[in-house]
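Residue numbers (our numbering): 414 to 551.
Put into structure tokens, the structure is as follows:
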């Protein structure tokens with residue numbers, strides 16, 4: 414009597430497990446990530462490019478060398494720029510960060526102080542991503 418009831422139930426359970434891909438031969442696949450489930454992490458520079466677009470920075474700054482309302486970002490990193498007061502500053506991480514958060518502190522000669530302040534608007538990781546993006550523009 415036991416086998417008459419057990420056999421059909423066990424067959425039904427094994428069939429259900431097989432359909433659900435839970436058989437022992439496939440169980441190791443369940444614990445491993447698949448390529449469909451992995452999200453590809455972006456580099457800081459790639460995230461910065463996304464922020465550059467989403468915040469509208471492209472309206473005033475180019476990445477191809479063309480001056481707009483604000484200076485171009487192409488090749489800016491590592492170079493010295495002259496400011497409106499005649500002083501010169503190296504375009505490094507600190508200068509870029511300061512220019513994003515408090516843009517009216519140091520204005521590049523030939524440009525007006527028209528950039529909005531992003532202090533308190535951008536998260537630290539967004540600011541750092543923008544710095545990485547600007548650094549990447551050779």
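Positions of the beta carbon are idealized from the N, C-alpha and C atoms, including for glycine.
Close beta carbons around residue 478, own chain, < 8 Å, minus the five adjacent residues each side: By 1-based counting over the chain shown, the position of residue 478 is 65. Excluding sequence positions up to five before and after residue 478, its CB lies within less than 8 Å of the CB of 485, 487, 488, all in the same chain and listed in chain order.
Same chain, Cβ closer than 7 Å to residue 465, neighbours up to 5 away in sequence not counted: By 1-based counting over the chain shown, the position of residue 465 is 52. So the qualifying residues of the chain are 471, 543, 546.
Closest by C-alpha distance to residue 494, when choosing among 550, 519, 514: Walking along the chain shown from the start, residue 494 turns up at place 81. Of the listed residues, the one whose Cα sits closest to residue 494 is 519.
Reduced DSSP category for residue 515 - H, G, I as helix; E, B as strand; rest coil: By 1-based counting over the chain shown, the position of residue 515 is 102. Coil, per DSSP.
Counted within 10 angstroms of its Cβ, other Cβ atoms place residue 492 as buried (16 or more) or exposed: In the chain shown, residue 492 corresponds to position 79, counting from 1. By the neighbour-count criterion, in which a residue is buried when 16 or more other Cβ atoms sit within 10 angstroms of its Cβ, residue 492 is exposed.
Nearest residue (CA-CA) to residue 505, options 550, 453, 463: The count along the chain shown starts at 1 and reaches residue 505 at position 92. The option with the nearest alpha carbon to residue 505 is 550.
Residue 523 versus residue 497: straight-line alpha-carbon distance, rounded: Sequence index remark: in the chain shown, residue 523 carries index 110 (1-based). Sequence index remark: in the chain shown, residue 497 carries index 84 (1-based). Put simply, the backbone Cα of residue 523 is about 7 Å away from that of residue 497.
Three-state secondary structure assigned by DSSP to residue 453: Translated into positions along the chain shown, residue 453 becomes position 40. For residue 453, the secondary structure class from DSSP, reduced to helix, strand or coil, is coil.
Presumed contact (8 Å Cβ cut-off) between residue 530 and residue 515, rounded CB distance: The sequence position of residue 530 within the chain shown is 117, counting from 1. The sequence position of residue 515 within the chain shown is 102, counting from 1. A Cβ-Cβ distance of about 6 Å is found for the pair residue 530 and residue 515, placing them in contact under the 8 Å criterion.
With 16 other Cβ atoms within 10 Å as the buried cut-off, status of residue 512: As a working mapping, residue 512 is identified with position 99 in the chain shown. Residue burial annotation: residue 512 is buried, with at least 16 other C-beta atoms found within 10 angstroms of its C-beta.
Beta bridge counterpart(s) of residue 494 as assigned by DSSP: Position 81 of the chain shown, counting from 1, holds the residue named residue 494. Residue 494 is bridged to 502.
Nearest candidate by alpha-carbon position, reference residue 476, set 468, 462, 467: Position 63 of the chain shown, counted from the first residue, corresponds to residue 476. Taking only the C-alpha atoms, the option nearest residue 476 is 462.
Buried versus exposed, by CB contacts within 10 Å (16 or more), residue 474: Taking the first residue of the chain shown as position 1, residue 474 is located at position 61. The residue is buried, with at least 16 neighbouring Cβ atoms inside 10 Å.
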